[in-house]
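S.K.: Have a look at the structure that comes next, please.
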Amino acid sequence: MEVTRFAPSPTGHLHLGGARTALFSYLFAKANKGKFLLRFEDTDRERSKKEFIDSIIDSLKWMKITPDEEPIYQSKKISNHKEIALKLYDQGFAYACDCSEEQLSEMRKDQISKKQKPMYNGLNRDKNIKFSEGMVLRFKFPLHNSSAFDDLILGKINVENKEFDDFIILRSDGTPTYNFSAAIDDIDMKITTVIRGDDHITNTLKQINVFKVLDKKIPNYAHLPMVLGESGKRLSKRDGAEDILEYRHKGYLNDALINYLVRLGWSYGEEEIFSLEKLEGIFDLSHVNSSPSKYSQDLLNWYNNKYLNFLTSDELIFKLREDFKVDFGELERGDLAISLLAKGANTLKEISEESKYFFQDPLMNLESAGIGKDKKEIFIDFKNQLSKIDFQQEEIETVIGSFLKLHNLKFPELGRPLRMILTGKQNAPSISELLFILGKDISLKRIEYSLND
RNA sequence: GUCCCCUUCGUCUAGCGGUUAGGACACCGGGUUUUCAUCUCGGCAACAGGGGUUCGAUCCCCCUAGGGGACGCCA
Numbered sequence: 000m001e002v003t004r005f006a007p008s009p010t011g012h013l014h015l016g017g018a019r020t021a022l023f024s025y026l027f028a029k030a031n032k033g034k035f036l037l038r039f040e041d042t043d044r045e046r047s048k049k050e051f052i053d054s055i056i057d058s059l060k061w062m063k064i065t066p067d068e069e070p071i072y073q074s075k076k077i078s079n080h081k082e083i084a085l086k087l088y089d090q091g092f093a094y095a096c097d098c099s100e101e102q103l104s105e106m107r108k109d110q111i112s113k114k115q116k117p118m119y120n121g122l123n124r125d126k127n128i129k130f131s132e133g134m135v136l137r138f139k140f141p142l143h144n145s146s147a148f149d150d151l152i153l154g155k156i157n158v159e160n161k162e163f164d165d166f167i168i169l170r171s172d173g174t175p176t177y178n179f180s181a182a183i184d185d186i187d188m189k190i191t192t193v194i195r196g197d198d199h200i201t202n203t204l205k206q207i208n209v210f211k212v213l214d215k216k217i218p219n220y221a222h223l224p225m226v227l228g229e230s231g232k233r234l235s236k237r238d239g240a241e242d243i244l245e246y247r248h249k250g251y252l253n254d255a256l257i258n259y260l261v262r263l264g265w266s267y268g269e270e271e272i273f274s275l276e277k278l279e280g281i282f283d284l285s286h287v288n289s290s291p292s293k294y295s296q297d298l299l300n301w302y303n304n305k306y307l308n309f310l311t312s313d314e315l316i317f318k319l320r321e322d323f324k325v326d327f328g329e330l331e332r333g334d335l336a337i338s339l340l341a342k343g344a345n346t347l348k349e350i351s352e353e354s355k356y357f358f359q360d361p362l363m364n365l366e367s368a369g370i371g372k373d374k375k376e377i378f379i380d381f382k383n384q385l386s387k388i389d390f391q392q393e394e395i396e397t398v399i400g401s402f403l404k405l406h407n408l409k410f411p412e413l414g415r416p417l418r419m420i421l422t423g424k425q426n427a428p429s430i431s432e433l434l435f436i437l438g439k440d441i442s443l444k445r446i447e448y449s450l451n452d
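Going by numbering that gives the first Met the number 0, 111 is the number at position 112 of the first sequence; the sequence numbering is gapless.
Take a look at the structure:
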């Protein structure tokens, strides 16, 4: 059975890139009838925050990415990992090193100045220093040959071992480091396929050597090409490197975001729209693109607009009420109003902002509505005509038509000022729709207000 | 600097040796809407460059260029 995991470090919120990694990992597990697990790599005491654990959990929940078991906290396994590191030391797969941080940074500076790759030079590798607390343990990385693995997305990756140094597996404070703990935990959790960003490729090469000395089966790896910002640079605050929940606050739908994210790198012929349920059946790694992709606000907006319009007016009303405190349920014809606005809106927030005139009288006087004093009589007559009819859409259109004819007016001469009176805006739904949705009382009230000027 | 990964329209991508190189977003026109949006029809637009392999390369190999990533007692 396939077992995958998402292993964020709680040193920040979940952002777009992380969410995509989690999604792919989750979908791969589901599509293979396997398990998806969550592990917090919270061994960086300084930067790991409970706040971020909570926010990552909330974000995943909102994205409908549900782990099949309770989350694992790496910090709880520190002593276990230390024990294993010590065992490796006893077996000669690791060695003690007492180089000071100053020594190491000197070494690094020196190498950089010589245009060399900065890395530990193996000074203490063969000195058989006896380990005592306060020293670090370094992994004896093979000196010769190369390390390789078959990436499920990228294909064969092979790097000369001389490119690696003897990385630290146990810090001087006695805690294990990432590359060591991650490998051990993947073993413990029986992970079969590791799906993560391709910035982890070198880590993978290190970790498979840990697997080897431990004589454990190496999992499959799939490295996802990065998501870049719209500028082509690293994802920044401006384009998605912020809290994924920000998207919720801006009025994006989780289903739209899921759909957008999965299509960022993965494809299924020429289909564009996928429900999570469908993805759980058809997702695969072989159709993941091997090149990096750029974030596109336009495309996300397009998806969001689509999904907004997949919703029923009742569902829209519910979401607007919950997330934006705008209650279309209070309106006579709120269902029509909201679906009308949803047609052209990219986000729930836009709907709420656009909806003002349904809830508040715009209070336009003659001048701001663009009606000259000489035209006032005409509008008074129009108001009288309106007040006589039953406010059904057809009747409204009929009365407008005959009124226009009677006064020999072109539509805009009536429509433009009327739209201002009704909404306070130049751009809004069609006049007959507006009158119908607003209803007789409100429509007449707004017209009267202007005419009383 | 060293190593690794990547390269099809501006963007997301289809393609898996023979295609008029397809779709979507964006953009630009036409129609509908006597406003905007919607809707609809149409248009613009790509195989980074150079060598091979092959009867034939977008597709396979090499080089160059460009982009991204890694190089911590962070994860």
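The beta-carbon is built from N, C-alpha and C at its ideal position, and this holds for glycine as well.
Compare the Cα-Cα distances from P428 to each of D164, H12, H406, S338 and report the closest residue.
M.R.: Taking the first residue of the first sequence as position 1, residue 428 is located at position 429. Of D164, H12, H406, S338, the residue nearest in Cα terms is S338.
S.K.: Going by the DSSP bridge assignment, what does K387 pair with across the sheet?
M.R.: Walking along the first sequence from the start, residue 387 turns up at place 388. In DSSP, K387 forms no bridge with anything.
S.K.: Relative to the C-alpha of T42, which candidate in K32, F317, H222, Q73 has its C-alpha closest?
M.R.: Residue numbering aside, residue 42 sits at position 43 when the first sequence is read from its first letter. Of K32, F317, H222, Q73, the residue nearest in Cα terms is Q73.
S.K.: Determine the extent of the alpha helix (DSSP H) in which K215 is found, giving its start and end residues.
M.R.: To locate residue 215, count along the first sequence from 1; it is residue 216. Run containing K215: none; DSSP gives neither H nor E here.
S.K.: Around the C-beta of R19, are 16 or more other C-beta atoms found within 10 angstroms, so that it is buried, or is it exposed?
M.R.: For the purposes of this step, residue 19 is taken as residue 20 along the first sequence, with counting starting at 1. It counts as buried.
S.K.: From the DSSP output, which residues share a beta bridge with I194?
M.R.: Position 195 of the first sequence, counted from the start, is the residue given in the question as residue 194. According to DSSP, I194 bridges with A221.
S.K.: Which of the three DSSP states, helix, strand or coil, is assigned to S338?
M.R.: To locate residue 338, count along the first sequence from 1; it is residue 339. Correct three-state label for S338: helix.
S.K.: I believe L227 touches L234 by the beta-carbon criterion, under 8 Å. Please report the beta-carbon distance rounded to the nearest angstrom.
M.R.: Translated into positions along the first sequence, residue 227 becomes position 228. Translated into positions along the first sequence, residue 234 becomes position 235. Indeed, because the Cβ distance is near 7 Å, the residues count as touching under 8 Å.
S.K.: Straight-line CA distance for R445 to Y267?
M.R.: Here residue 445 is taken as the residue at index 446 of the first sequence, counted from 1. Here residue 267 is taken as the residue at index 268 of the first sequence, counted from 1. Using only the alpha carbons, I get a separation of about 52 Å.
S.K.: Here's a check: name, in chain order, each residue in its chain whose Cβ is nearer than 6 Å to the Cβ of D238, leaving out the five neighbours to either side.
M.R.: One-based indexing of the first sequence puts residue 238 at position 239. Excluding residues within five positions, the ones whose Cβ falls inside 6 Å are G228, E229, Y294.
S.K.: How far does the beta strand (DSSP E) with I436 in it reach, from first residue to last?
M.R.: As a position in the first sequence, residue 436 is number 437, starting the count at 1. Counting along the chain, I436 falls outside any beta strand (DSSP E), though it belongs to the alpha helix (DSSP H) covering 430 to 437.
S.K.: Taking Y177 as part of the alpha helix (DSSP H), name the residues at either end of that continuous run.
M.R.: Position 178 of the first sequence, counting from 1, holds the residue named residue 177. That run of the alpha helix (DSSP H) goes 177 to 187.
S.K.: Are N31 and E50 touching if we call contact CB-CB under 7 Å?
M.R.: Translated into the one-based positions of the first sequence, residue 31 becomes position 32. Translated into the one-based positions of the first sequence, residue 50 becomes position 51. For N31 and E50, no; Cβs fall outside 7 Å.
S.K.: Along the chain, where does the alpha helix (DSSP H) that runs through T397 open and close?
M.R.: Residue mapping note: residue 397 aligns to position 398 of the first sequence, counting from 1. It spans 392 to 406 - the alpha helix (DSSP H) in which T397 sits, taken as one unbroken run.
S.K.: Rounded to whole angstroms, what is the Cα-Cα separation between Y119 and K108?
M.R.: As a first step, residue 119 is located in the first sequence; it is residue number 120 there, counting from the start. As a first step, residue 108 is located in the first sequence; it is residue number 109 there, counting from the start. Going by the C-alpha atoms only, they are around 11 Å apart.
S.K.: Report the option in L26, S58, G16, P7 whose CA atom is closest to the CA atom of S47.
M.R.: The count along the first sequence starts at 1 and reaches residue 47 at position 48. Comparing Cα-Cα distances from S47 to each of L26, S58, G16, P7, the minimum goes to P7.
S.K.: Identify, in the order they occur along the chain, each residue of the same chain with its Cβ nearer than 6 Å to the Cβ of F163, setting aside the five sequence neighbours on each side.
M.R.: By 1-based counting over the first sequence, the position of residue 163 is 164. Cβ within range, chain order: F140.
S.K.: Please name the residue or residues paired with Y72 in a DSSP beta bridge.
M.R.: Counting from 1 along the first sequence, the entry for residue 72 is found at position 73. Paired residues: F39.
S.K.: Should I420 go down as buried or exposed, given a rule of 16 or more other Cβ atoms within 10 Å for buried?
M.R.: Within the first sequence, the letter at position 421 stands for residue 420. The residue is buried, with at least 16 neighbouring Cβ atoms inside 10 Å.
S.K.: Keeping to the same chain, check which residues put their C-beta closer than 7 Å to that of S146; ignore five residues upstream and five downstream.
M.R.: The residue you call residue 146 lines up with position 147 of the first sequence. Only V158, N160, L204, I207, N208 meet the Cβ criterion.
S.K.: Which value, in whole angstroms, describes the spacing of the CA atoms of E412 and L385?
M.R.: Translated into positions along the first sequence, residue 412 becomes position 413. Translated into positions along the first sequence, residue 385 becomes position 386. Roughly 17 Å between the two C-alpha positions.
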